[in-house]
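What follows is one structure encoded as structure tokens, with my remarks underneath.
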Amino acid sequence: MNARQEVEGNGEERVELALPPPPEQSPQRVPGRWWVLAPLIALLGGLFGIIGAFYTELLRGSLLVAFVGAPIIEESLKPSGVYLLLVKWPAVLRRQLYTAFLAALSGIAFALVEDFIYLNVYYPEHSAQLALWRYTVCVAGHALFSFIAGFGINRKLVAAARGEIKFLAFDKRFFIAAMVLHSLYNIFITIFAGKLGFSR
């Protein structure tokens, strides 16, 4: 605390105490174990997206499901583990970029399991080109879609789910962008599967 002296117009001396600025609050320290637990929870949460994939598979044959329903359902369910972290341990998600990274891990876990089932259960006699595409481009695509959606996973989303703010007041543009890109990917594959050599 510093003292500052001023002389007023009547000749009297006034002493003011200058208070130091408040110290910056240091971010809450996160235990080191969360550097392992958080990605693990994100990966396991990605498996919930398989539930949505199974549901859309039951409705297979409908282009509306493939181009609209599947992207909405899968992009909403894939980050289930990240939702859990946000609700139960929000301090773990210290930066939005890290949240998006965890969401991308969810997308990778989902894609790997979905591709394994797709290639070994639905199309066991698949071509080598199809397997290569599914385990490279498809996995990268799901990771990208989930990464984008991850920027919309924050406390505003929780507040909207709890009714504290309007339901659509969260950062929905990131989810919409992920769903639109997912839909465009599905449309592309449907149109060009034959030309890409994806014989089943």
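Quick note, our numbering runs 59 ahead of the 1-based positions in the sequence shown.
All residues carry an ideal CB built from backbone N, CA and C; glycine is no exception.
Bear in mind that the values here come from a model prediction, so they are computed numbers and not experimental data.
*Of the residues GLY256, LYS215, VAL239, which one's Cα is nearest the Cα of PRO149?*
LYS215
*Measure how close the beta-carbons of ALA101 and VAL146 come, nearest whole angstrom, since I'm counting them as under 8 Å.*
Between VAL146 and ALA101 the Cβ distance is about 14 Å, and since that is not below 8 Å, they are no contact.
_Simplified DSSP assignment, three categories, for LYS137_ = If DSSP states are grouped into helix, strand and coil, LYS137 belongs with coil.
_Let's see if you can read the secondary structure: which residues bound the alpha helix (DSSP H) around GLY128?_
Counting along the chain, GLY128 falls outside any alpha helix (DSSP H), and DSSP gives it neither H nor E.
*Counting only runs that start and end within the segment 141 to 209, where is the alpha helix (DSSP H) found for 4 or more residues in a row?*
155 to 176, 187 to 192, 198 to 209
_Rounded to whole angstroms, what is the Cα-Cα separation between LYS231 and MET238?_
11 Å
*asked:* Can you confirm whether the segment 152 to 170 touches the segment 99 to 113 when touching is taken to mean that 3 or more C-beta pairs between the two stretches lie within less than 8 Å?
replied: yes
_Please list the terminal residues of the continuous alpha helix (DSSP H) segment that includes SER121._
Judged by DSSP secondary structure, SER121 falls outside any alpha helix (DSSP H); it is assigned neither H nor E.
*Can the beta-carbon of ALA202 be found closer than 8 Å to that of ALA163?*
yes
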